Amino acid sequence: MNTTAHLWDYLPILIMAIVALGFVITVMALTHAVGPRRKNAVKDDPFECGIPVQGNARTPFSIKYFLVAILFVLFDVEVIFMYPWAVNFRELGVFGLWEMFAFMGLMIIGLVYIIRRGALKWE
Amino acid sequence: MKELLISSLLGISVLLFDLLRLRRAILPLVAAGLIALVAVVVVDWGTASNPFGNNMMLMDGYALASIGILALLTLFWFAITSDSYPAQSRRTDLYALVLFSMTGAVVLVSYTNLVMMFLGIEILSIPLYVLVSSDRQNPLSNEAGFKYFFLGAVASAILLFGIALVYGATGTFDFTELGAAVSASTSNLMLKAGIAMMLAGFAFKVSAAPFHFWTPDVYQGSPTTVTAYMSSVVKAGAFLALFRLCTGPFSAVMDGFTDMLAFLAALTLVVSNLMAAVQTNVKRMLAFSSISHAGFLLAGVMTGGETGPGILLYYSLTYGIASITSFAVLHVVSSYQNGAMEYDAFRGLVRRNPFLAGAMTIALLSMAGIPPMAGFMAKYFIISGIISTDMVWLAVLMVLTSVVGMYYYLRVIIAMFTPVENAGRIMLRGLQHYTYILLSLLMIILFFASGFFEVLNF
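Protein chains in written order, with the numbering used here: chain A, 1388 to 1510; chain B, -15 to 442.
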């Protein structure tokens, strides 16, 4: 049995990609060409739950990416610790359970502290 | 184990107390915790201890003595800076970060595994990056934080690369196995390169020339209280860690690195003292003075031997106390002068507050190495240790650079005793007077108690 992988084994994937891309392009071109165009002031207005629009939508506002990133890292690291613990859950037994409770407790103290400090309020 | 638990739980308890709205109880809690840490060290002293955490750490005599000294220095830092923040400001973050950083130092003096050493260095450094830039409105403080963070990250990377090379050469992180593997392959080039890179990483952390360029800017930019902490506890922790490494697993090959360390020490002494002499800003001068003390401590690491640990601990303690005192005085003086830190800011201090002037005089004389201040004995021990290792040229250089040191220390003292017209008195709050008196007395008492450290044996 021949198990060697060749590049042409991936030909279906290429065809699939071309078909998917072609479908999107065809449909979009078709709608632009065939569809009717009706423009008026009311239709071009941005709609927000029936409330009249105020000001420009393109105002810069600060998303505290570093904060989001740091919080993400925090929970990421937490989960990294939990995976090996989950794998060895039976061997570690009650001891491991309490250790994990201690770890989570420390994490939660830190989390509650930074939320109390207003870490998630950005304006 | 107990020591590590106390120091790390103390930082978390500070956060918890803030959450429970017990902010008034935070300082007493910190003081009680640090005193408990010293008490645990005293109780555990001399008892046999077992390695814990899969041979990661060992609380041997050296570790216990170091932890005691680190805890004492942190306690002094809290005592002397506790009143120097505005009453309404939130200090919980700062206090917790300082305690977490001290936990890193505790790890750094008790590790028996290179992984733990690296972790300790990072636990020591990361809170510092925040502390250095904690004066958020001040651009200098932000700049200092960035400089320290980026250069510190590079130094950590170099250190880590060194650890990787050592691991590649020996196949282990553990001290016992590492010691055996190192003495079996002393001429291994990969091992030597790894150790050299680790020494370079440490030289950055302890701010030895030519890795010192961050120190003046960071020390000047960070809040003065943080600078006091950095130049005492952090410096002591890094040096004690370096000593543990050099006299522990790498002791078999350290002879090959004596020239390198001697060169670093000599360069540090010359550069720092010459640069300190031309400064006009007292904070920057003290930063360069801190670098020059790194030169002395580096020489102390080189001497090693029976009395080595005791001498290094003694130097760390005496320099730490002198440094905390001088930066605390500088903080108070400059806060009365719209933040001015030039030599002129100290004019007439002896009239404005004799306690501050007295404490500053004793601290500066101790750093300069004038008897009967403890700094004299500290320098004496290290110079005599260097002479006994047949490096007389380095000893001569140490004495010569100390003479240069006299010049810039005495400039502050002369300014303090220069009379000045209509200068207001400086008021100290609460127990501050007693703290200054206590630290001044300690700097003199330690001079007479130096014999105890010399015979300290592990």
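Just so it is clear, CB atoms sit at the ideal spot from N, CA and C, and this is done for glycine as well.
Please read these numbers as outputs of a predicted model, since none were measured by experiment.
Residue pairing by DSSP places B:Glu405 in no beta bridge whatsoever. Contact between B:Tyr132 and B:Val116 holds, with the beta-carbon distance rounding to 5 Å and staying under 8 Å. The three-state secondary structure of B:Asp239, taken from DSSP, is helix.
For B:Val334, the enclosing alpha helix (DSSP H) stretches over residues 333 to 336. If you look at A:His1419, you'll find it in the alpha helix (DSSP H) that goes 1398 to 1421. The C-alpha of B:Ala260 lies about 5 Å from the C-alpha of B:Met269.
Distances from the CA of B:Arg395 to each of B:Leu173, B:Ile147, B:Val262, B:Ser118 were compared; the closest alpha carbon is that of B:Val262.
Its Cα nearest to that of B:Glu127, the residue B:Ser206 stands out among B:Ala153, B:Ala137, B:Ser206. For the segment 1401 to 1414 of chain A, the set of positions with a beta-carbon nearer than 7 Å to some beta-carbon of chain B is empty.
Only exposed fits B:Phe436, as fewer than 16 other CB atoms lie within 10 angstroms of its CB. With its beta carbon at least 9 Å from every one in chain A, B:Ile107 lies outside the interface.
Under DSSP, A:Asp1432 shares a beta bridge with no residue. Note on B:His196: 16 or more other CB atoms within 10 angstroms of its CB, so buried under the neighbour-count rule.
If you draw a straight line from the Cα of B:Val254 to the Cα of B:Phe188, it is about 17 Å long. For B:Gln204, the enclosing alpha helix (DSSP H) starts and ends at 198 to 205. Taking a Cβ-Cβ threshold of 8 Å, the residues of chain A close to B:Leu3 are Ile1496, Val1499, Tyr1500, Arg1503, in chain order. Residue-level contact by beta carbon fails for B:Asp201 and chain A, as no gap is shorter than 9 Å. With the criterion set as a beta carbon lying under 7 Å from some beta carbon of chain A, the segment 423 to 437 of chain B has no members that meet it.
Assignment of beta-bridge partners to B:Glu326 by DSSP yields B:Asn265. As DSSP reads the structure, A:Asn1427 sits in no beta bridge. The shortest C-alpha to C-alpha distance from B:Gly(-5) to any of B:Ile107, B:Leu98, B:Val93 is the one to B:Ile107. The segment 239 to 249 of chain B makes no contact with the segment 313 to 324 of chain B, as fewer than three CB pairs between them are under 8 Å.
Of the candidates B:Met41, B:Trp61, B:Ile51, B:Trp61 places its Cα closest to the Cα of B:Gln416. B:Gly104 is positioned such that its CB atom lies no closer than 9 Å to that of B:Gly129.
Residue burial annotation: B:Thr302 is buried, with at least 16 other C-beta atoms found within 10 angstroms of its C-beta. A:Leu1398 is outside the set of residues whose beta carbon lies under 9 Å from a beta carbon in chain B. The three-state secondary structure of B:Phe234, taken from DSSP, is coil.
Under DSSP, A:Asn1475 takes part in no beta bridge, so it has no partner. Residue burial annotation: B:Ala399 is buried, with at least 16 other C-beta atoms found within 10 angstroms of its C-beta.
Ranked by Cα distance from B:Asp2, the first of B:Leu384, B:Ala180, B:Thr76, B:Ile366 is B:Thr76. Between B:Ile64 and B:Thr345, the gap from beta carbon to beta carbon reaches 9 Å or more. Assignment of B:Tyr320 by DSSP, reduced to helix, strand and coil, places it in the coil class.
Cβ contact annotation for B:Val24 (same chain, cutoff 7 Å, sequence separation greater than five): Lys(-14), Glu(-13), Ile(-10), in chain order. Interface criterion met: the Cβ of B:Leu0 is under 9 Å from a Cβ in chain A. The Cβ atoms of B:Leu143 and B:Ala184 lie closer than 9 Å to each other. For B:Pro194, there is no enclosing alpha helix (DSSP H), as DSSP marks it with neither H nor E.
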